[in-house]
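To start, the structure itself, in structure tokens.
2 protein chains.
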Amino acid sequence: MTPREPVERLSVDAVADALRADILRGTIAVGEALRQETLAQRFGVSHIPVREALRQLAAEGLVSIRPNRGAVVASLSPDEATELLEIRCTLETQLVRWALPQADADIHARAADSLDLSERTADVDRWMEHNWTFHSTLYERAGRPRMVSMIRTLNNQIDRFIRVLLSRSDYRYRAQEEHHAILAAYRLGNEVAVCSLLGQHLLDTSKQLAAVIEQGNAGLPPGGR
Amino acid sequence: MTPREPVERLSVDAVADALRADILRGTIAVGEALRQETLAQRFGVSHIPVREALRQLAAEGLVSIRPNRGAVVASLSPDEATELLEIRCTLETQLVRWALPQADADIHARAADSLDLSERTADVDRWMEHNWTFHSTLYERAGRPRMVSMIRTLNNQIDRFIRVLLSRSDYRYRAQEEHHAILAAYRLGNEVAVCSLLGQHLLDTSKQLAAVIEQGNAGLPPGGR
DNA sequence: ACGGTGCATTTTGTATATGATGTGATCCAA
DNA sequence: TTGGATCACATCATATACAAAATGCACCGT
């Protein structure tokens, strides 16, 4: 017997995953219209799974659906970006507080590893990946899967803009510096310092992010949502 | 001519809202199957908007969709319930910290009001409403709309079970006590006390909730998800 | 210029058909 | 009787075709 195909997934999920990937890596620009017919053809499905996938992505905050006017890749106001990062900050610091006492040499090594890898790569995609690994390793031991996936979702809404940040400023350099500081304090088990540094890092990110978004929207008519 | 109907909403949203309401108030039991054809007839639409509504609710955590086996009202493991309340706790205490310095007599009065109303009503639905109003009033002045709506979503996943708690234990009495304590500290502007009491209140809730869920699932086969 | 008219595009929803999948009943053999 | 294989049926998942409604735009006459 053939060992059965890799489990044929639902086409809705396939479409949603493909679209999500495209949106996350900026292949489809912010504000760009997502026409059902076009997408259906592109993925070789009918418009039904496409509609469902769009709704799914809308629930994740990556797409906004304007009734009777179709879906577009969601934009993000500076305020929203700031708030998303605040939420992330709140959750992450709490997670780190839980995880820190459980952190062992393995965790330390893996965090250092991803930090190292992120430093060595020139590729933006890779950097984003390693960056996520670094952060999530810090609170892996907290054992709070839903909280982590929540942060993941928040991140997805922000990532496209971080990407811009990476190419347009010294963000990457500063982030690396801050990551090193965080890791150092983390290794020492210094909870207060880690939280403070992590908070500072995210605050810093939010500031720059808001600026980039503001500037990016400068030419556009408001209400892109 | 005719003053136009009250703004005909998208039927997907109408279905989603109606279903959400039913799920939240327990009209449809946990684990109950949501058959597309049945729902379509009930709401007088075809199965397409129904599918989309189900996906929406799945994203909100109220429904779980099992590929090729349909959707059921989502269950919640004790662990998940605990984690959801932890998230809520983390976010709420942070919000309160931000809101407390901005709280004025109006806020105090409205919080006291909803607390009062919740005390006077015998109706469970009303109690839930007033309870939400009480909590959300506390951090209204934080001006963090997304954070609040996030908490709202978390709450929706928990509410059905809190409802059980209300009918089966002295939870309501204890909650009222704790609410009074929280409000007292809040009025004094004592941040540390408010956060500590609020945290205790939610921890307390989570303990009882986990117990009720455990007990409720006792007879059921595991994996209701 | 200006405001309305009508058309094309697109979304939204219905109806219906078809294949796939899971469920449960049935039947057969040990 | 019990266990397992089989089959029929219900339901899901998706496709196709089509109709209705909303939106945006080009066109037109003033």
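First to last, the protein sequences are chains U and D. Numbering follows this note's numbering, with no gaps: position 6 of the first sequence is 6. So this note's numbering is basically just the index in the second sequence, starting at one, shifted up by 225. Even glycine gets a Cβ: it sits at the ideal position worked out from N, Cα and C. Computed from a prediction, not measured in an experiment: that's the story for all the values here.
A residue is called buried once 16 or more other Cβ atoms fall within 10 Å of its Cβ, and residue 327 of chain D, having fewer, is exposed.
Contact annotation: the segment 134-144 of chain U touches the segment 109-118 of chain U, with at least three C-beta pairs closer than 8 Å. Closest option to residue 411 of chain D, judged by alpha-carbon separation, among D/324, D/274, D/395, D/251: D/324. The beta carbons of residue 124 of chain U and residue 163 of chain U sit closer together than 8 Å.
Neighbours of residue 83 of chain U in chain D, taken as residues whose beta carbon is under 8 Å from its own, are 369, 370, 371, 372 in chain order.
If you ignore the 5 residues before and after residue 287 of chain D, its C-beta comes within less than 6 Å of the C-beta of 248, 299, all in its own chain and listed in chain order. Contacts with chain D at 8 Å (Cβ-Cβ) do not include residue 78 of chain U.
Neighbours of residue 91 of chain U in chain D, taken as residues at a C-beta separation under 8 Å, are given in chain order as 312, 315, 316. Going by beta carbons, residue 12 of chain U and residue 53 of chain U fall inside the 8 Å limit. Residue 133 of chain U and residue 296 of chain D have their C-alpha atoms some 33 Å from each other.
Chain order gives no chain U residues near residue 249 of chain D, where near means a beta carbon separation below 9 Å; the closest approach is about 17 Å.
Between residue 423 of chain D and residue 318 of chain D a beta carbon distance of about 6 Å is seen, short of the 8 Å cut, so the two are scored as contacting. Counting only residues of its own chain and dropping the five nearest sequence neighbours on each side, residue 118 of chain U has a CB closer than 6 Å to the CB of 127, 130, 131. For residue 235 of chain D, the C-beta contacts it makes with chain U under 7 Å involve 67, in order along the chain. Per DSSP, reduced to three states, the secondary structure at residue 34 of chain U is strand. Beta-bridge annotation (DSSP): residue 71 of chain U is paired with U/34, U/65. Contact check for residue 371 of chain D against residue 80 of chain U passes: the beta carbons are separated by less than 8 Å. Taking a beta-carbon distance threshold of 8 Å, residue 284 of chain D counts as an interface residue toward chain U.
Residue 314 of chain D and residue 435 of chain D have their C-alpha atoms some 15 Å from each other. Here the alpha carbons of residue 293 of chain D and residue 37 of chain U stand approximately 25 Å from one another. Neighbourhood of residue 319 of chain D in chain U, by CB distance below 7 Å: 90, in chain order.
Between the alpha carbons of residue 402 of chain D and residue 312 of chain D lies a distance of about 23 Å. The beta carbon of residue 201 of chain U sits closer than 6 Å to the beta carbons of 178 from its chain, once the five residues preceding and following it are set aside; these are given in chain order.
Pairing residue 34 of chain U with residue 345 of chain D, the inter-Cα distance amounts to about 51 Å. Contacts with chain U (Cβ-Cβ distance below 8 Å) from the segment 374-389 of chain D involve 375, listed in chain order.
Within the model, the alpha-carbon separation for residue 275 of chain D versus residue 441 of chain D is close to 29 Å. Taking C-beta atoms as the reference points, residue 251 of chain D and residue 385 of chain D count as a pair closer than 8 Å. For residue 276 of chain D, the C-beta contacts it makes with chain U under 7 Å involve 52, in order along the chain. When the five nearest sequence neighbours on each side are left out, the beta carbons in the same chain lying within less than 8 Å of the beta carbon of residue 115 of chain U are those of 130, 134, 176, 179, 180, 183, in order along the chain.
Annotation: residue 121 of chain U is outside any alpha helix (DSSP H) and is labelled neither H nor E by DSSP. In the three-state scheme derived from DSSP, where H, G and I count as helix and E and B as strand, residue 364 of chain D is classed as coil.
As the crow flies, the alpha-carbon of residue 253 of chain D is around 19 Å from that of residue 272 of chain D. In this structure, DSSP gives residue 412 of chain D a helical state, which the three-state scheme calls helix. Exposure of residue 168 of chain U is indicated by the presence of fewer than 16 other C-beta atoms within 10 angstroms of its C-beta. Judged by DSSP secondary structure, residue 326 of chain D falls outside any alpha helix (DSSP H); it is assigned neither H nor E. When the Cα atoms are used, residue 150 of chain U and residue 91 of chain U turn out to be separated by approximately 9 Å.
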